[in-house]
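Just so we're aligned: 27 in UniProt numbering is position 27 of the sequence shown, and the numbers increase by one with no gaps anywhere. To start, the structure under review is shown below, and the notes come after it.
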Amino acid sequence: MQVHFENEIAFPVLTLFLSHKQLYDRLDIWEGLWWNGTRFFARSLISSRSFFCLNLIVIQEEKTWEEALDHCRENHHDFTSLLSETENLLAQNQIQDSTITQRVWVGLRFLGDSWMWTNGDPLEFQVWDQTCPVWKRCGALTKQGGWENRDCEEKLHFICV
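In structure tokens:
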């Protein structure tokens, strides 16, 4: 198949089936996208739909939370923040490989008296697995999709954006 769009981007559409909490790549469907200066839109004969883009990079090196934060900021953009069920499911899907630690560091940190994302994103969506001692002040995503607060000196794989 030859795909060519001038001033557009062509890519396989990622279809989410959230009710089953599974992700499927529909490689047989292609969409044309264009940028209007503020948002991308999908080309369609009947409608245009806005979408978001999330580029998760799983780093399979075991580091403390601080070392992982430094690595993300020096080599990528930042630690990931997971702002919705969709983003959490995408991240959970990326860490299922057996070579990845059972939990991975994300950009959650307990500072002062509250949890926050290190990049400043608001902490509205939350999926904490359990209540853990407050002295464990760094957040991790589990392979089951929940969040845990962990000892910041523990060495885990991590997710950058």
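Just so it is clear, CB atoms sit at the ideal spot from N, CA and C, and this is done for glycine as well. Here the structure is a predicted model, which is why all the values come from computation and not from measurement.
Check: Alpha carbon to alpha carbon, how far is Gln144 from Met116?
Finding: 21 Å
Margin query: Please report the straight-line C-alpha distance between Glu85 and Phe125, rounded to a whole angstrom.
Written below: 7 Å
Notebook entry, point to check: How about Asp78 and Asn119: are their beta carbons less than 8 Å apart?
Noted result: yes
Checklist line | Same chain only: Cβ atoms within 7 Å of Lys63, ignoring 5 sequence neighbours per side | finding: His71, Lys155, Phe158
Next item on the list: Take the Cβ of Leu111 as the centre, count every other Cβ of all protein chains shown within 10 Å, and call the residue buried at 16 or more, exposed below.
Entry: exposed
Item checked: DSSP-derived helix/strand/coil call for Asn149 -> strand
Next item on the list: Find out if the Cβ-Cβ distance for the pair Val127, Ile100 is shorter than 8 Å.
Entry: no
Check: Span of the beta strand (DSSP E) holding Gln60?
Finding: 57-63
Next item on the list: With a floor of 3 residues, list each beta strand (DSSP E) that falls wholly inside the stretch 93-152, ordered by position along the chain.
Entry: 103-111, 114-117, 138-142, 147-150
Checklist line | Straight-line gap, Lys21 to Leu89 (C-alpha atoms, nearest Å) | finding: Unreliable positioning characterises Lys21 in this predicted model, as indicated by a pLDDT of 34, which lies under 50. The coordinate reading is nonetheless provided below. Approximately 7 Å between the Cα atoms of the pair.
Check: When the Cα atoms are used, what is the spatial distance from Gln130 to Glu148?
Finding: 7 Å
Notebook entry, point to check: By how many angstroms is the C-alpha of Cys138 removed from the C-alpha of Asn55?
Noted result: 22 Å
Margin query: So, for Cys152: in the same chain, excluding its five sequence neighbours on each side, which residues have a beta-carbon less than 7 Å away from its beta-carbon?
Written below: Thr64, Trp65, Glu66, Arg137, Cys138
Item checked: Residue range of the beta strand (DSSP E) that includes Phe158 -> 156-160
Next item on the list: For Gln60, collect the residues of the same chain with a Cβ closer than 8 Å to its Cβ; drop the 5 residues on either side in sequence, then sort them by chain order.
Entry: Thr99, Ile100, His157
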